[in-house]
Amino acid sequence: MKNTSASNKVIKTAIMAMLTALSVVSVYALRLPLIPAAPFLEYDAADIPVLIGSMLLGPVSGIVTLLAVCAIQALTVSASSGWIGFVMHFIASGVLVLISSTVYKKKPTSGGLVLGLVLGSLAMTAVMIPLNLVFTGIFLGAGTKAVAQMLIPAIIPFNLLKAGINSAVTFAVFTPISKLLKKYIKSGE
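The opening position of the sequence shown corresponds to residue 7 in this note's numbering, with each subsequent residue numbered one higher.
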């Protein structure tokens, strides 16, 4: 029994490491502004592998994977955003990952997956409003008032689009990927 448990932990860790690597590579491969009025808000697909991992392995594994992704990104491709980028990415994506995977864990069906991704996307967008008001003003050297003026035309639509695109892609690829990987793991979360 112990060998099976240890083997399962190794497999889960390997899957989490693979998804972390895919997430970081996706940031290098694809970064583009979605809202012309705010070109500093760049779309990336980094949340897709993390979401897949959280649905497959559970919310805790998803958050651990996200923490690794955020740390690597903060030290490499997103180093210019420093600790502010790390905090904002971890909180925003953390909300998306936790809500989506918790709902899916309670209702592991296609409907549960859709519901989780929709609720996670809406929650991420809502959480990003106060985070942007505080941290974007610091990052850009602008005040809260300047950031508040960007909420409706840029920040809220960007977060809805980013979360929506990442959720749609996750929905499209999760079932085939999970069928491939589930035969190797047993969820313990």
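Every residue, glycine too, gets a C-beta built ideally from N, C-alpha and C. All values derive from a computational prediction rather than experimental measurement.
CA-CA distance, Gly-59 and Leu-72?
In the sequence shown, the residue the question calls residue 59 occupies position 53. In the sequence shown, the residue the question calls residue 72 occupies position 66. Cα-Cα distance, rounded: 9 Å.
Would you tell me roughly how many angstroms separate the C-alpha atoms of Ser-11 and Leu-63, rounded to the nearest one?
The residue labelled residue 11 in the question sits at position 5 within the sequence shown. The residue labelled residue 63 in the question sits at position 57 within the sequence shown. Distance between the alpha carbons of Ser-11 and Leu-63: 14 Å.
I believe Val-133 touches Val-101 by the beta-carbon criterion, under 8 Å. Please report the beta-carbon distance rounded to the nearest angstrom.
Within the sequence shown, numbered from 1, the residue matching residue 133 stands at position 127. Within the sequence shown, numbered from 1, the residue matching residue 101 stands at position 95. With 8 Å as the limit, Val-133 and Val-101 qualify as a contact, their Cβ atoms being about 5 Å apart.
What residues are listed by DSSP as bridge partners for Leu-38?
The residue labelled residue 38 in the question sits at position 32 within the sequence shown. Bridge partners of Leu-38: Tyr-49.
Test item: CB-CB of Ser-127 and Gly-170 under 7 Å
Locating residue 127 in the sequence shown gives position 121, counting from the first residue. Locating residue 170 in the sequence shown gives position 164, counting from the first residue. Contact: yes.
Cutoff 6 Å; reference Pro-55; Cβ partners in own chain excluding five residues on either side
The residue given as residue 55 occupies position 49 in the sequence shown. Here the set comprises Leu-25, Leu-28 and Ser-29.
If I'm right that Glu-48 touches Pro-42 with Cβ under 8 Å, what's the distance once you round it to whole angstroms?
Translated into positions along the sequence shown, residue 48 becomes position 42. Translated into positions along the sequence shown, residue 42 becomes position 36. So it is not a contact: roughly 12 Å between Cβ atoms.
Residue range of the alpha helix (DSSP H) that Ala-74 falls in?
Residue mapping note: residue 74 aligns to position 68 of the sequence shown, counting from 1. Per DSSP, Ala-74 belongs to the alpha helix (DSSP H) from 65-81.
Just the C-alpha distance for Ile-191 and Gly-68, rounded to the nearest angstrom, thanks.
Along the sequence shown, read from residue 1 onward, the residue named residue 191 stands at position 185. Along the sequence shown, read from residue 1 onward, the residue named residue 68 stands at position 62. Their backbone Cα atoms lie some 15 Å apart in a straight line.
Would you check if the distance between the CB atom of Phe-96 and the CB atom of Ala-80 is smaller than 7 Å?
Walking along the sequence shown from the start, residue 96 turns up at place 90. Walking along the sequence shown from the start, residue 80 turns up at place 74. No; because the gap between Cβ atoms is not below 7 Å, this pair is not in contact.
Can you give the beta carbon distance from Met-61 to Ala-98, rounded, assuming they're within the 8 Å contact cut?
To locate residue 61, count along the sequence shown from 1; it is residue 55. To locate residue 98, count along the sequence shown from 1; it is residue 92. That belief does not hold up - the Cβ atoms of Met-61 and Ala-98 are roughly 18 Å apart, past 8 Å.
Where in the region 125-183 do unbroken runs of the alpha helix (DSSP H), each at least 4 residues long, occur, reported from the N-terminal end onward?
143-146 and 150-156
Span separating the alpha-carbon of Val-66 from that of Ser-116:
The residue labelled residue 66 in the question sits at position 60 within the sequence shown. The residue labelled residue 116 in the question sits at position 110 within the sequence shown. Each residue's Cα considered, the two are about 21 Å apart.
Nearest-angstrom Cα distance between Asn-172 and Val-75?
For this step, residue 172 is matched to residue 166 along the sequence shown. For this step, residue 75 is matched to residue 69 along the sequence shown. So the two alpha carbons sit approximately 16 Å from each other.
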